[in-house]
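To start, the structure itself, in structure tokens.
What follows is the structure, encoded as structure tokens:
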């Protein structure tokens with residue numbers, strides 16, 4: 001036996017150490033006296049022939065347990081191997097984890113025949129031999145798992161009493177009594193040692209899958225010849241060498257943990273079927289998830305288009321004019337382009353890998369241009385407000401034109417374009433499929449996923465540069481919004497721009513890392529990406545346009561109310577009026593929105609610089625500007641007066 005061979009070889013390596021093998025010579029001796037091992041152990045102890053014992057307990061009984069305890073009490077350390085007796089004074093167990101052994105036998109059956117059916121198990125001395133009991137438990141646990149379609153027959157555990165002839169006879173009886181039997185698992189290789197009868201059984205019952213424990217040379221020859229389907233074996237040679245090592249440790253005074261298992265390796269041998277079970281590979285296509293993307297893009301497109309139409313239709317309205325349509329329309333376009341990024345995100349290689357690769361490179365172009373256009377317009381609007389207020393505080397007349405504030409947009413767009421052009425030319429994104437870790441029982445891939453990946457090197461440097469460019473631009477824009485936090489523009493526009501910018505910054509800070517971490521799960525990554533795009537774009541439009549629409553409604557109501565108020569125009573002595581003078585009489589009122597409005601002589605309302613100058617500022621400006629031939633007129637609704645407004649230089 002391999003165990004004895006390992007023990008003898010290890011003993012030869014050492015000085016004054018010998019290995020003596022004692023035990024029954026046949027299964028007939030076991031049948032005649034199951035406690036034969038206990039008798040042999042008692043004799044060894046009485047004669048004092050050995051300094052340590054390693055035993056594979058074939059039959060657990062009170063006598064066997066007492067014999068082990070007596071040996072330990074006599075000063076002879078005892079180890080068990082292959083089959084344990086844990087309720088004794090033995091020092092440790094060497095060998096296979098037999099529960100794992102049985103589990104592996106069940107796995108082999110599931111691997112060979114996943115379609116399932118009825119099964120039975122051949123064992124030896126159930127309840128009296130711990131190693132086979134654990135193997136049976138392991139097989140039943142594995143074959144009763146939720147993925148298994150195997151069903152045990154009634155009385156499916158059969159006792160062969162560790163006998164070669166009995167094991168083979170039991171297999172024949174099982175096959176004859178159960179026409180639907182599809183598998184027989186055996187804890188050990190007993191039946192295979194009757195080679196002629198074993199081959200005859202297989203020829204008769206070709207429809208029964210046979211999985212056996214152990215994997216000695218004779219069993220491997222039969223398996224290679226096609227007489228058997230699978231074997232799970234151990235390393236008995238290693239059990240022999242470890243037995244010598246651990247007994248020597250005990251004699252030298254070492255203490256071993258009684259619960260310790262000095263494990264040995266399991267071996268698995270399979271006869272691969274000609275026709276492997278069908279395999280359904282999960283390619284993680286976007287599939288129906290694309291519907292979510294299309295729906296969100298439709299909403300984004302409809303809202304952005306609706307806002308653009310609203311701006312165009314009301315472009316001459318005081319509220320819209322004060323909000324600068326030249327910035328609102330590009331803002332709508334930027335949101336639309338950003339939302340358009342969702343469309344290429346729905347592409348994968350299910351239909352056309354070339355189309356998927358083209359879609360890959362379009363994603364950064366659309367996302368960057370749309371995002372840059374959006375936050376640049378917000379920056380330009382709020383920067384224009386800051387410029388006007390700064391100059392008004394210095395009592396200077398300044399005209400801030402649109403072209404003066406579009407410089408930042410041009411700078412950021414140019415920087416992004418340079419990076420994108422280099423990326424597209426040097427290492428464009430293409431659609432590539434990768435394998436998830438793990439294979440089936442026949443080493444076949446179970447799951448794959450597709451991602452956009454650069455053809456040369458990594459896309460990370462380009463992504464990082466683009467991220468930094470736009471993140472810096474967004475931070476600068478937020479700084480401008482912070483500086484304008486106390487400036488009350490018409491309809492509190494600065495506040496809503498700041499809210500939109502803060503929301504975009506927060507969405508990017510949280511969303512980008514989460515998206516990157518879900519890179520190997522296309523469905524999750526797609527869902528996060530499209531929701532992030534939809535939320536950020538729609539929130540931007542909401543913060544900018546909803547307050548304007550509400551303000552327009554209130555303004556229209558206020559206009560109707562004011563139109564019912566009779567505005568009396570004062571008179572000026574014609575003798576004091578010069579022919580070339582362009583003096584006009586005006587009155588200033590404070591409306592319910594705290595918006596300073598001029599009602600001029602013709603009764604027409606207009607807004608002063610699109611701004612609400614903070615209270616207390618206008619009187620100071622009047623006093624400071626009287627000497628430079630310009631003035632700002634301010635009065636209250638309760639004490640309105642006719643104040644001539646001089647021509648502004």
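Numbering (UniProt numbering), first residue to last: 1 to 649. Backbone N, C-alpha and C fix where the C-beta goes; we use that ideal spot for every residue, glycine too. Note that this is a predicted model, so its numbers are computed, not measured.
- Secondary structure of residue 411 (DSSP, three-state): helix.
- Annotated three-state conformation of residue 453 is strand, per DSSP.
- Contact between residue 430 and residue 450 is ruled out by a C-beta separation of about 10 Å, above the 8 Å threshold.
- Inclusion of residue 136 and residue 232 in the CB contact set at 9 Å is not warranted, their separation being larger than that value.
- DSSP places residue 82 outside both helix and strand once states are collapsed to three, so it counts as coil.
- Minimum Cα-Cα distance from residue 143 among the listed residues 177, 244, 104, 131 corresponds to 104.
- Within the segment 158-232, the alpha helix (DSSP H) runs of at least 4 residues that lie entirely inside it are, in chain order, 164-177, 195-204, 217-224.
- Of the candidates 352, 517, 80, the residue whose Cα lies closest to the Cα of residue 58 is 80.
- Excluding sequence positions up to five before and after residue 415, its CB lies within less than 6 Å of the CB of 469, all in the same chain and listed in chain order.
- Judged by beta-carbon spacing, residue 541 lies beyond the 9 Å limit of residue 376, meaning their Cβ atoms are not closer than that value.
- Here DSSP, grouped into helix, strand and coil, assigns residue 59 to coil.
- When only Cα atoms are considered, residue 537 and residue 455 end up about 31 Å apart.
- The continuous stretches of alpha helix (DSSP H) do not include residue 263, which lies in the beta strand (DSSP E) extending over residues 261-263.
- For residue 93, the beta-bridge partners assigned by DSSP are 80, 261.
- Linking residue 480 to residue 407 through their CA atoms gives a straight-line distance of about 15 Å.
- Spatial neighbours of residue 424 in its own chain (CB-CB distance under 7 Å, excluding positions within 5 residues in sequence) are listed in chain order as 361.
- 9 Å or more divides the Cβ of residue 211 from the Cβ of residue 167.
- If you compare the alpha carbons of 363, 412, 512 with that of residue 373, the shortest gap goes to 412.
- When the five nearest sequence neighbours on each side are left out, the beta carbons in the same chain lying within less than 8 Å of the beta carbon of residue 266 are those of 96, 100, 101, 104, 232, 233, 234, in order along the chain.
- Under DSSP, residue 448 shares a beta bridge with 435.
- Per DSSP, residue 269 is not a residue of any alpha helix (DSSP H); the beta strand (DSSP E) it occupies stretches across 267-270.
- In the structure shown, residue 428 adopts coil according to DSSP, grouped into three states.
- Nearest C-alpha to residue 189 among 174, 160, 153: 160.
- Annotation: the continuous alpha helix (DSSP H) that includes residue 337 extends over 325-340.
- Residue 139 is classed as buried because its beta carbon has at least 16 other beta carbons within 10 Å across all chains shown.
- No Cβ-Cβ contact shorter than 9 Å links residue 27 with residue 216.
- At a Cβ-Cβ threshold of 9 Å, residue 122 and residue 158 count as neighbours.
- 9 Å or more divides the Cβ of residue 84 from the Cβ of residue 3.
- Contact annotation: residue 38 and residue 67 have beta-carbon atoms nearer than 9 Å.
- When the Cα atoms are used, residue 383 and residue 504 turn out to be separated by approximately 18 Å.
- Within 10 angstroms of the beta-carbon of residue 19 lie 16 or more other beta-carbons, which makes it buried.
- Between the C-alpha atoms of residue 10 and residue 237 there is a straight-line separation of about 10 Å.
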